[in-house]
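Colleague:
In UniProt numbering, the protein residues as written are 1 to 107.
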């Protein structure tokens, strides 16, 4: 299981704040799901890509949020093909003792 560190984003952020965040190599993200409140975080884009290559799109990741570690899966992410960069990530916190039922649409 791979691990990834994140930094909690405080307060409401404007569009220009998020643009600067992406320009600095970070990606805005949100963590929600089992046993956690919705938390806005930011992760390093290069580290995220390394982790996804290691565990796969549906793999379990240990995400460091503040002082605790949460087991998450990537629920969704947005990608800008013109800039070739990830613009947002949704992390789903999971309970390792229960089955996870996911719905995917195949084209």
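Quick reminder that beta carbons are idealized off the backbone N, C-alpha and C, glycines included.
Could you please give the first and the last residue of the uninterrupted beta strand (DSSP E) stretch that includes residue 17?
Modeller: Here residue 17 is taken as the residue at index 17 of the chain shown, counted from 1. Residue 17 -> not in any beta strand (DSSP E); alpha helix (DSSP H) instead, spanning 15 to 23.
Colleague: 8 Å is my cut-off, CB to CB: does residue 77 come that close to chain C?
Modeller: No chain C is part of this structure, which consists of one protein chain only.
Colleague: Since residue 64 and residue 3 are thought to touch, with beta carbons under 8 Å apart, how far apart are those beta carbons, to the nearest angstrom?
Modeller: Mapped onto the chain shown, residue 64 falls at position 64. Mapped onto the chain shown, residue 3 falls at position 3. Confirmed, about 7 Å.
Colleague: Please return the same chain residues whose Cβ sits closer than 6 Å to the Cβ of residue 54, not counting the five positions on each side in sequence.
Modeller: Position 54 of the chain shown holds residue 54. Counting only Cβ-Cβ distances below 6 Å, and skipping sequence neighbours, we find 2.
Colleague: Please classify residue 91 as buried or exposed, where buried requires at least 16 other C-beta atoms within 10 Å of its C-beta.
Modeller: Taking the first residue of the chain shown as position 1, residue 91 is located at position 91. Buried, because 16 or more other Cβ atoms sit within 10 Å of the Cβ of residue 91.
Colleague: Can you give me the Cβ contacts of residue 23 inside the same chain, cut-off strictly under 6 Å, excluding the 5 residues immediately before and after it?
Modeller: Taking the first residue of the chain shown as 1, we reach residue 23 at position 23. Within the same chain, residue 23 has no close Cβ partners at all.
Colleague: Could you name the residues of the same chain whose beta carbon sits closer than 7 Å to that of residue 66, not counting the 5 residues immediately before and after it, in chain order?
Modeller: Working through the chain shown from its first residue, we reach residue 66 at position 66. Hits under 7 Å: 8.
Colleague: Which residues in the same chain have their Cβ closer than 6 Å to the Cβ of residue 87, if we skip the five residues on either side of it in sequence?
Modeller: One-based indexing of the chain shown puts residue 87 at position 87. Closer than 6 Å at Cβ, skipping near neighbours: 78, 80.
Colleague: Please work out which residues of its chain come closer than 7 Å, Cβ to Cβ, to residue 51, disregarding the five sequence neighbours upstream and downstream, and give them in chain order.
Modeller: Along the chain shown, read from residue 1 onward, the residue named residue 51 stands at position 51. Only 2, 4, 61 meet the Cβ criterion.
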